[in-house]
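Following: one structure in structure tokens, then a few remarks.
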Amino acid sequence: MTSTRKRSIQAAVLAVAVLLATRVAIATDLQSLEMIARGRYLAVAADCAGCHTKPGGKPYAGGVALETPFGTLVAPNITPDRDAGIGAWTDDEFVAALHEGRGRDSIRLFPAMPYPAYSKMTRFDALAIRAYLRTIQPAPDKIEPNQLPFPLNLRSNMAVWNALNFKPRSLEPDPSKSSEWNRGRYLVDALGHCGTCHTPKTLLGADKESAYLEGGTLQGWFAPNITADTRKGIGSWSADEIVSYLKTGANRDAIATGDMTEEIVHSSSKLSDDDLKAIAAYLKSLVPVQESTPQALAAFDPRMMAGQAIYKDNCAGCHAEAGTGTSGLFARLAGSHTVQSDDPTTLIHVVLTGSQGAATAGAPTSPAMPSFDWRLDDAHVASVLTYIRNSWGNAATVVSADQVRVMRSAFAHSTSGANR
Amino acid sequence: MATKLPPKDVVIIGLGWTGAILAHELTDQGLDVVAIERGPWRDTATAFNIGYAPDELRYAVRLDLFQRPAQNTLTFRNNDSQTALPMRQFGSFIPGNGVGGAGVHWNGVVWRYNPTDFRLLSHLSERYGASFVPDELSIQDWGVTYEELEPFYDQFEFLAGVSGKAGNLNGVIHEGGNPFEGPRKREYPLPPMKMTYGPTLFAEAARSLGYHPFPQPSANLSAAYTNPLGVKMGQCTYCGFCERFGCANYSKASVQTSVLPVLMRKSNFEARTECEVLKINLDASGKRATGVTYVDSSGVQWEQPAEIVLVCAFAFHNVRMLLLSGIGRPYDSSTHQGTIGRNYAYQTTSGIELFFDDKIFNPFISSGALGQVVDDFNGDGFDHGGLGFVGGAGINTGPTNGRPIQTRPTPPGTPRWGAQWKQATKKSYLRFFTLGSQGSSYATYTNHLDLDPTYKDRFGQPLLRMTFDFPDNDIRMSNYVTDKMEEIAKALKPREYVVSRRVKPYSTVPYQSTHNTGGAIMGADPKTSAINKYLQSWDVPNVFVVGASAFPQNAGYNPTGTVGALAFWTADAIITKYLKSPGPLVPS
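Order-wise, the sequence lines are chains A and B.
Per this note's numbering, the first sequence runs over residues 181 to 600.
Per this note's numbering, the second sequence runs over residues 1266 to 1853.
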């Protein structure tokens, strides 16, 4: 996949009124160094560059193409260039973009820009980001963000979508919880916009709020459940392990894959330890409804026996016979929530195309899993995944050759895929 | 002509072990460093897919990771009376190519040379008298001592994650390690590899003869490891695809597994691949290098100015670079004058194949540096009085691989093809193993490197000419140690065994060793060495020449451990001495 943020948007039918976010006037000095430094940190936490900076391109000059289910959107230039960028915008216009999804002259933004999350950001923090962005080198690169097909390209559609799906609201601190918990929730919901990927979407592309952070499938990856569910979520990770994962891209058991590697490299690896601990504290507080644990497939099932043979020949060299892996180098499969997730999209993806871990200062190795699409057919991939999902205490649904075939043919038409 | 580029603090010629180590150390000091590498970019993730990394035909037979002779080769002759001819196919040695250099496709054996190796001439004269060393030999002291290098050996071993057992910790001999080694300050970073059946039997037989077997120090990691740079490496799987191959599962130390992940993150480092340095440029005085001129794959020439030039290519390429650049005085084998090309040396090897009926060795469970070694007859660890030679060899059994194409053991009398050959390979494959001796190669006045008067490369620059034959001293040494090895072979009670002794003349055809050394040697005297004890050119002090080219003669060990130690040693000298006061670090 070529871009980090691929958001669901939706064509809709009728225009309805839009709620305006409350604006609290805060006296701020946008030229103060403290404000600029705060804004820089917040821009990292919100990973603005993830979409607005092309790999190898000028900072915040835009150009990252976002392939959404509805068509392509390109992240615009947000440098202070007065023509190509947002230099001519007023501060209120900037805040409105974050809080209300309305650009200059009140044009409606597409929610590929995660304003449903950013609307929870305080006005003060939005202005701090503004203060920082004003210091960036202006870039004259003109970007046409809206490359959606007609009629989805009509921005007026978004008025309807907003009416149905978007309630701008600030995130009121919960006084019954610790300040760490509140900070963590703010980082997760407002800045980090974790739910953009990790919360499943409705048909209209809005968050399915009843399944908050329980995992979503987008663009060939399953962004896993990050609640404290011990089997499907990250409940078996200690707070320290969550911090290590976000800071370095790896912890004792897991190595980041997919778009998460970019998020880690550009955003969470640069957050303060206190903020990462706050995120961990908040995520660990999210206890979902417990479901019954599925029964592991019997070891003598033909798919399991085939999978075991394939595993020994292709996987055990790194992941070890018992699926234990090597910390920070080869992901642990035994007990892994990614391995056991209901949706095997990420597993199929990784086996077919390979994957490379994030390279961070704390974990520079950036180990890679090679691609196996040229070596294993659909039934092989299905068997080996079924095997790892049902061995060493793991239990999960069978992966079918058909699921593999669908993803393989999707990849055949894209240029992506590491390590071929 | 060449387009001049913005200057750098340091330009490095070649991005193998030495170039990468120096780049890492010097960029840590804030210097702006560029490495110019003739071959392609390689990293584990993209170049060594586990699905095809163990492709014997591609890598071991067709030599995919190696230098192509059409790109550059050498001419060869045994002695000055012959006319050298170009090697159109590499045979007895195979130089590497690309990022990581020969450190990509090595076996991973990591030795320290003995304390006496570094002051070889002084030591032998002190022990046996000044006239003891045979006249044909031009052996010298290194100018650096083992004690000086010890911390830098340590640094390399921890960078690479070497698996082994110390035999001498701070002067105290420890059972199970090599009792003949110099004192080390601490234990190896990882315990020894697990031994397979052949090495286990070898150790028992050697012990029964009163020798001191120990596990070979190995950069195929016995356990998962995080090195001091923070890079993770995996546990070796004993797959047996080390030499001639890149390691796909991060368990053989290399520039890729040990240094690049950190080095490539640095904004003050840049690697330019597929770019070949043509020469080091000198100012009008000839005493100062101004940078290098290189040509890219489009044939465009570039001049890269730099304050320091580090020559970090493979041993004989380093020598050629100095000769092409007019740095130092070329060695003249008729007058024994001059330094560049002097004391080219190699490695003196022999082997024994053992065939059994009643034992199964499973040779496919193997790794490049797995094995047991006996060092009782290496270096000057034994009394040479009355033996008629100097030097020695390690005796080892190293089950490096059981690869299907090239592992075809057949006892004498087997036809070279057909049903009987197939039957014999089938019977012998599981029931054989080999012993080897890896001996010192002592420099002579006649063995040397210079520029070929006839043959040129594709840029019109002369090829390097190698003049080499085994010294009679080394043949005597090798025969002596091979006799000892034969005693061990007999003690193993095979059905039969076949001894392959080292004989003259040296042939460049059968593979022997890529341990080519010397030609730009270090020493204390500018008349007999190209570089001083800090590997700094005597003639052009802002040029350092790092690698096995610096060895005044070769010892009975694989050179990479010492090459790595010398790279750290040089980096330390540049940082702690040269940067503070650029100029000669040793008065000439």
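Glycine residues also receive a C-beta, built at the ideal position from the N, C-alpha and C atoms.
Everything numeric in this text was worked out from a predicted model, so none of it was measured.
Assign residue 379/A to buried or exposed, taking buried as 16 or more other Cβ atoms, counted over all protein chains shown, within 10 Å of its Cβ. Buried is the call here.
Just how far apart, CA to CA, sit residue 588/A and residue 553/A? Whole-angstrom Cα-Cα distance: 8 Å.
Range covered by the beta strand (DSSP E) that runs through residue 1727/B: Run containing residue 1727/B: 1727-1732, per the beta strand (DSSP E) assignment.
Can you round the beta-carbon distance between residue 1670/B and residue 1321/B to whole angstroms, since I take them to be within the 8 Å contact cut? Indeed they touch by this definition, with Cβ atoms about 5 Å apart.
My parser needs the beta strand (DSSP E) runs of 3 or more residues fully inside the segment 1488-1540 of chain B; what are they? Scanning the segment 1488-1540 of chain B for uninterrupted beta strand (DSSP E) segments of 3 residues or longer gives 1534-1537, listed from N- to C-terminal end.
Chain A contact for residue 1515/B (CB, 8 Å cutoff): The C-beta of residue 1515/B comes closer than 8 Å to at least one C-beta of chain A.
Quick check on DSSP: helix, strand or coil for residue 1715/B? Note: residue 1715/B maps to strand in three-state DSSP.
Only counting runs of 3 or more residues, tell me where the beta strand (DSSP E) segments fall wholly within the segment 1738-1789 of chain B, in order along the chain. Entirely contained in the segment 1738-1789 of chain B, the beta strand (DSSP E) runs reaching 3 residues are, in chain order, 1761-1765, 1782-1784.
Span of the beta strand (DSSP E) around residue 1480/B: From DSSP, the beta strand (DSSP E) with residue 1480/B extends over 1478-1480.
Is the Cβ of residue 552/A closer than 8 Å to any Cβ of chain B? Yes, contact with chain B.
Residue 1519/B vs residue 1667/B beta-carbon contact at 8 Å: Result no, Cβ atoms of residue 1519/B and residue 1667/B do not sit closer than 8 Å.
Under 8 Å Cβ-Cβ, which residues of chain B neighbour residue 544/A? Residues of chain B whose Cβ lies closer than 8 Å to the Cβ of residue 544/A are, in chain order, 1494, 1495, 1496, 1526, 1527, 1530.
Can you give the beta carbon distance from residue 1609/B to residue 1714/B, rounded, assuming they're within the 8 Å contact cut? Yes, residue 1609/B and residue 1714/B are in contact; Cβ-Cβ is about 5 Å, under 8 Å.
Just to confirm the assignment, what range does the alpha helix (DSSP H) spanning residue 568/A have? Looking at the DSSP string, the run of the alpha helix (DSSP H) that includes residue 568/A is 558-569.
What residues from chain B crowd round residue 548/A, counting only those whose CB sits closer than 8 Å? Contacts between residue 548/A and chain B, judged by CB atoms closer than 8 Å, involve 1309, 1310, 1311 in chain order.
So for residue 490/A, helix, strand or coil by DSSP? DSSP, read as helix, strand or coil, puts residue 490/A in helix.
Beta carbon proximity, residue 510/A to chain B, threshold 8 Å: Under the Cβ criterion of 8 Å, residue 510/A is counted among the residues facing chain B.
Shorter than 8 Å from the beta carbon of residue 391/A to some beta carbon of chain B? Not one chain B Cβ lies under 8 Å of residue 391/A.
So with CB distances below 8 Å, who are the chain A contacts of residue 1500/B? Within chain A, the residues near residue 1500/B are 506.
Listing by chain order, which chain B residues have their CB less than 8 Å from the CB of residue 588/A? The contacting residues do not exist; residue 588/A stays about 16 Å from chain B at best.
Since residue 1653/B meets chain A, which of its residues come closer than 7 Å, beta carbon to beta carbon? Listed along chain A is no residue with a C-beta nearer than 7 Å to that of residue 1653/B; the closest approach is about 50 Å.
Chain B within 8 Å of residue 497/A, Cβ atoms only: Yes, contact with chain B.
Any beta-carbon of chain B closer than 8 Å to the one on residue 555/A? Chain B, which has a Cβ nearer than 8 Å to the Cβ of residue 555/A, makes this yes.
Taking Cβ positions only, does residue 434/A come closer than 8 Å to chain B? Nearest CB-CB separation between residue 434/A and chain B: not below the 8 Å threshold.
Looking only at C-alpha atoms, which of 1451/B, 1565/B, 1745/B, 1379/B sits nearest to residue 1437/B? The shortest C-alpha separation from residue 1437/B is found at 1451/B.
For residue 229/A and residue 300/A, what's the separation of their Cα atoms in angstroms? Straight-line Cα distance between these residues: approximately 19 Å.
Helix, strand or coil at residue 203/A according to DSSP, with G and I counted as helix: With a pLDDT of only 33 at residue 203/A, under the threshold of 50, the placement of this residue in the model should not be trusted, and no figure is reported.
Can you give me the C-alpha to C-alpha distance between residue 1837/B and residue 571/A, rounded to a whole angstrom? Answer to the nearest angstrom: the Cα atoms are 51 Å apart.
Those residues which DSSP pairs with residue 1546/B across a bridge: DSSP lists 1556/B as partners of residue 1546/B.
Going by other Cβ atoms of all chains shown within 10 Å of its Cβ, with 16 needed for buried, is residue 512/A buried or exposed? Around the CB of residue 512/A, 16 or more other CB atoms lie within 10 Å, so the residue is classed as buried.
Can you tell me where the beta strand (DSSP E) holding residue 1609/B begins and where it ends? Unbroken beta strand (DSSP E) run through residue 1609/B: 1607-1610.
Residue 484/A versus 214/A, 575/A, 261/A, residue with shortest Cα-Cα distance: Taking only the C-alpha atoms, the option nearest residue 484/A is 575/A.
Does residue 1314/B get closer than 8 Å to chain A when you measure Cβ to Cβ? Put simply, the CB of residue 1314/B is near chain A, with a gap under 8 Å to one of its CB atoms.
Determine the DSSP secondary structure at residue 1353/B, reduced to helix, strand or coil. Correct three-state label for residue 1353/B: coil.
Consider the Cβ of residue 1634/B: report whether some Cβ of chain A lies at a distance smaller than 8 Å. It does not: the Cβ of residue 1634/B has no partner Cβ on chain A nearer than 8 Å.
Relative to the C-alpha of residue 456/A, which candidate in 296/A, 367/A, 406/A has its C-alpha closest? The shortest C-alpha separation from residue 456/A is found at 367/A.
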